[in-house]
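First comes the structure, then the notes that go with it.
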Amino acid sequence: MIETERLTLRPWREEDRALFHRLGNDPDTMRYLGPLRSREEDDQAFDRQQAFFATAGTCGWLVERRADRRPIGMCGTKPARPGLPIAGEMEIGWRFEPDYRGQGYALEAAQASLIYAWEKTSAPRVVAITVQDNIPSRRLMERLGMRHVVQADFDHPFVPYDSPLRRHVLYRIDRPA
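In the numbering used here, the protein residues as written are 11 to 187.
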């Protein structure tokens, strides 16, 4: 578990499946991430988050506001998915419910996730990917001190060839000295 001034980041519990499904099926949340997912696909993704925590000690944490324990999203690091050009790298990502965007929660959670990754893993760097047009996430990556690695941008192998979400950009930050 990670605590910041306003947030608690914690592993997912079985009773959090409904929130996980809601985050994966909100059209505004998913506009840069891909098609809405079935309950079965969400359950598989949920199980992967729990497995990441069990094996790597890190995951896309559930993010709660400390003041009222309200779950508002997810953020964290995890091993990048096999089959991607970044496979084997530590990847950071986030997803927040629409009502909680633009309030600095994503930045606060992502900063805490990076600190946790540096303290608890041996990863030499952390990477982030997003679709080319996802300007809000790209700005957040830059605010985190990540650099766009233009030569590493790629067409996502799991996104249909004709999808506007196929082209991805890669950002990275190296472990502090």
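Just so you know, even glycine gets a beta-carbon here, dropped at the ideal spot from N, CA and C.
{"Item": "At least 3 beta-carbon pairs within less than 8 Å: the segment 50-57 vs the segment 93-105", "Value": "no"}
{"Item": "Inter-residue spacing [alpha-carbon to alpha-carbon] between Lys88 and Gly70", "Value": "7 Å"}
{"Item": "Distance, Asp109 Cα to Val141 Cα", "Value": "22 Å"}
{"Item": "Rounded C-alpha distance that separates Ser147 from Gly114", "Value": "12 Å"}
{"Item": "Whole-number beta carbon distance between Ala138 and Ile102, since they are thought to touch under 8 Å", "Value": "5 Å"}
{"Item": "Close beta carbons around Asp26, own chain, < 6 Å, minus the five adjacent residues each side", "Value": "Leu72"}
{"Item": "C-alpha gap between Ile5 and Thr65, whole angstroms", "Value": "In the structure as shown, the chain begins at 11 and stops at 187. Residue 5 is therefore absent and cannot be evaluated."}
{"Item": "Classification of Val136 by the beta-carbon crowding that lies within 10 angstroms, buried from 16 upward", "Value": "buried"}
{"Item": "Simplified DSSP assignment, three categories, for Pro81", "Value": "strand"}
{"Item": "Nearest residue (CA-CA) to Gly44, options Pro21, Arg105, Arg79", "Value": "Arg105"}
{"Item": "Pairwise C-alpha distance: Thr68 and Leu154", "Value": "19 Å"}
{"Item": "Thr39 and Arg76 closer than 7 Å at C-beta", "Value": "no"}
{"Item": "Glu101 - containing beta strand (DSSP E), residue span", "Value": "100-106"}
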